[in-house]
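Heads up, the thing below is written out as structure tokens.
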Amino acid sequence: MKFWNSIVGKIWSTTILLLIGVLVICGFLVAVIYEKNNLNEIENEMKDTSNKIIKVMQEDDAVIKSGSQASKSLDMLDDSVGVIIAQDGTSVFTKESKDSISKSSIDRLTQNKKLNEALESSPDLLMKYDFEENPENMSIELYAKTFQLDNGETGVVYLYKSFHEILNVTKKATRTLILAGIGAILITSLLSFIFSSRMAFPLREMKKIAVAVSRGNFDNRVPSYTHDEIGDLGLAFNDMAKQLKYNMSALRQEKEQLSNILVGMADGVIKFNIDKTIILSNPPAEEFLHSWFFSQENEEKVLVPEKLNQMLDEILSKRTETVGEISFGDQTFVAIMTLLYSGDNVRSIVTVIRDMTEEKRLEKNKKVILSAISPMS
Numbered sequence: 562m563k564f565w566n567s568i569v570g571k572i573w574s575t576t577i578l579l580l581i582g583v584l585v586i587c588g589f590l591v592a593v594i595y596e597k598n599n600l601n602e603i604e605n606e607m608k609d610t611s612n613k614i615i616k617v618m619q620e621d622d623a624v625i626k627s628g629s630q631a632s633k634s635l636d637m638l639d640d641s642v643g644v645i646i647a648q649d650g651t652s653v654f655t656k657e658s659k660d661s662i663s664k665s666s667i668d669r670l671t672q673n674k675k676l677n678e679a680l681e682s683s684p685d686l687l688m689k690y691d692f693e694e695n696p697e698n699m700s701i702e703l704y705a706k707t708f709q710l711d712n713g714e715t716g717v718v719y720l721y722k723s724f725h726e727i728l729n730v731t732k733k734a735t736r737t738l739i740l741a742g743i744g745a746i747l748i749t750s751l752l753s754f755i756f757s758s759r760m761a762f763p764l765r766e767m768k769k770i771a772v773a774v775s776r777g778n779f780d781n782r783v784p785s786y787t788h789d790e791i792g793d794l795g796l797a798f799n800d801m802a803k804q805l806k807y808n809m810s811a812l813r814q815e816k817e818q819l820s821n822i823l824v825g826m827a828d829g830v831i832k833f834n835i836d837k838t839i840i841l842s843n844p845p846a847e848e849f850l851h852s853w854f855f856s857q858e859n860e861e862k863v864l865v866p867e868k869l870n871q872m873l874d875e876i877l878s879k880r881t882e883t884v885g886e887i888s889f890g891d892q893t894f895v896a897i898m899t900l901l902y903s904g905d906n907v908r909s910i911v912t913v914i915r916d917m918t919e920e921k922r923l924e925k926n927k928k929v930i931l932s933a934i935s936p937m938s
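Numbering (the working numbering), first residue to last: 562 to 938.
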């Protein structure tokens, strides 16, 4: 039997398919939720960093510019985050992230009219921005916040983080989920195979016992391994085997009794199938067939007399008991045919053959004697 057609293969494949379906759905939901939480965490981190930079400038009451003492403190920031401080549309401080940005790209950011108009209506802004003309080159998560110092100076702090960094974190999380899913599938495959094999073991044993019972060995019994439905099935199978043994023994005894009766009968009994083949015959019937086969009338050496064949055709067509006389040589027989049914269908034909040779001889002698006495009277 092929593995996929066995109960072990079906249970194993069903379990694995269900697990894969659950893992795909849960993995997708976890990835979406993780990505969303990751973006929220980055947003909060950029807001917090921006507030800290503005707080440093407010404490010093001076804008951080390239080469200033305060700019050195910004070098300690994570290199995945870039910082741009601009005044009047011109950048006065730039700390690049891992991705290099051209001066023209920075100027294009600080002089972006739509962005500056949005900052006039809102003190801070979070958006997706593209430094290059081609949006596919370098997309970033941009956070911009305006500030004003006590000395009247104003400006904008820009913080940005490349989406490549964000995606790398998401990819790492996705890779971890995939590896965990593969590990779960492998472990579940092993456990599923072990448990399904253990579950199928009593069934395999039951199959062996069933084959033995089908060959007539009714003494085999299925061991009780479990107390579940499979165990109950084994007990039911054992009861069936026990009942079959009893029924077969009863049938055997009945067959022996019938065989003894047939052997002891003086009349011949022949059981025909509906295709006129002989199924059963007792010794007197075999003697009748033997006498017919070697008689002078049986020139074609057929097993059944023609008269008997005609009676078989008649009873099969009329479906009623048929009686006829068969004579060959100096012997005379009377045949009585009866149909045996299986429901509404004819199963077989039973023929009782009685040797009437002696009765015919006595009757003939009686007629001779009577004819001899009649002239004398």
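No residue lacks a Cβ here, since even glycine has one placed at the ideal position from N, Cα and C.
Return the residue from the list the options that minimises the CA-CA distance to residue i.
{"i": "residue 803", "options": "932, 817, 780 and 598", "result": "780"}
{"i": "residue 510", "options": "601, 851 and 711", "result": "The question about residue 510 has no answer here: the residues shown for the chain are numbered 562 through 938."}
{"i": "residue 668", "options": "660, 658, 683 and 649", "result": "649"}
{"i": "residue 731", "options": "872, 930, 580 and 593", "result": "593"}
{"i": "residue 652", "options": "574, 715 and 630", "result": "715"}
{"i": "residue 784", "options": "689, 762, 775 and 665", "result": "762"}
{"i": "residue 771", "options": "801, 872, 747 and 910", "result": "801"}
{"i": "residue 615", "options": "602, 601, 597 and 634", "result": "634"}
{"i": "residue 619", "options": "571, 572, 582 and 709", "result": "709"}
{"i": "residue 852", "options": "888, 611 and 928", "result": "888"}
{"i": "residue 601", "options": "674, 722, 587 and 662", "result": "722"}
{"i": "residue 629", "options": "671, 782 and 617", "result": "617"}
{"i": "residue 892", "options": "900, 700, 856 and 573", "result": "856"}
{"i": "residue 886", "options": "869, 879, 875 and 827", "result": "869"}
{"i": "residue 575", "options": "896, 631, 753 and 789", "result": "753"}
{"i": "residue 717", "options": "681, 692, 747 and 689", "result": "681"}
{"i": "residue 568", "options": "900, 877, 759 and 859", "result": "759"}
{"i": "residue 610", "options": "627, 581, 640 and 767", "result": "640"}
{"i": "residue 572", "options": "702, 675 and 749", "result": "749"}
{"i": "residue 845", "options": "876, 580, 859 and 826", "result": "826"}
{"i": "residue 751", "options": "926, 580 and 927", "result": "580"}
What does residue i pair with, by DSSP beta-bridge criteria?
{"i": "residue 854", "result": "Partner(s): none; residue 854 has no beta bridge."}
{"i": "residue 647", "result": "652 and 717"}
{"i": "residue 915", "result": "895"}
{"i": "residue 886", "result": "895"}
{"i": "residue 691", "result": "700"}
{"i": "residue 722", "result": "642 and 702"}
{"i": "residue 901", "result": "909"}
{"i": "residue 685", "result": "706"}
Whole-angstrom Cβ separation of residue i and residue j, contact assumed at under 8 Å?
{"i": "residue 686", "j": "residue 679", "result": "5 Å"}
{"i": "residue 646", "j": "residue 624", "result": "7 Å"}
{"i": "residue 584", "j": "residue 734", "result": "Not really, about 15 Å apart at Cβ, beyond 8 Å."}
{"i": "residue 684", "j": "residue 659", "result": "Going by Cβ atoms, the distance from residue 684 to residue 659 rounds to 28 Å, so no, they are not a contact pair."}
{"i": "residue 704", "j": "residue 608", "result": "6 Å"}
{"i": "residue 656", "j": "residue 643", "result": "6 Å"}
{"i": "residue 898", "j": "residue 882", "result": "7 Å"}
{"i": "residue 830", "j": "residue 819", "result": "Incorrect: roughly 10 Å between the Cβ atoms, too far for contact."}
{"i": "residue 765", "j": "residue 828", "result": "In fact, because the Cβ distance is near 54 Å, the residues do not count as touching under 8 Å."}
{"i": "residue 805", "j": "residue 774", "result": "7 Å"}
{"i": "residue 910", "j": "residue 900", "result": "6 Å"}
{"i": "residue 526", "j": "residue 833", "result": "For the chain, the structure presents residues 562 to 938; residue 526 sits outside this window and is missing."}
{"i": "residue 854", "j": "residue 864", "result": "6 Å"}
{"i": "residue 654", "j": "residue 670", "result": "13 Å between Cβ atoms; not a contact."}
{"i": "residue 895", "j": "residue 884", "result": "7 Å"}
{"i": "residue 782", "j": "residue 799", "result": "5 Å"}
{"i": "residue 890", "j": "residue 858", "result": "7 Å"}
{"i": "residue 577", "j": "residue 702", "result": "Their Cβ separation, rounded to whole angstroms, is 39 Å, which puts residue 577 and residue 702 out of contact at 8 Å."}
{"i": "residue 742", "j": "residue 588", "result": "6 Å"}
Just curious, the beta strand (DSSP E) that residue i is in, first and last residue?
{"i": "residue 839", "result": "839-842"}
{"i": "residue 832", "result": "829-834"}
Note the first and the last residue of the continuous alpha helix (DSSP H) segment covering residue i.
{"i": "residue 604", "result": "568-621"}
{"i": "residue 871", "result": "867-879"}
{"i": "residue 666", "result": "664-671"}
{"i": "residue 626", "result": "Counting along the chain, residue 626 falls outside any alpha helix (DSSP H), and DSSP gives it neither H nor E."}
Confirm the yes/no value for this check: CB of residue i, any heavy atom of the ligand GDP, distance under 8 Å.
{"i": "residue 673", "result": "With respect to small molecules bound, the structure shown includes none, and the ligand GDP cannot be examined in it."}
Is any beta-carbon of chain B found at less than 9 Å from that of residue i?
{"i": "residue 630", "result": "The structure shown contains no chain B; it is built from a single protein chain."}
> Where in the region 734-813 do unbroken runs of the beta strand (DSSP E), each at least 3 residues long, occur, reported from the N-terminal end onward?
Replying inline: none
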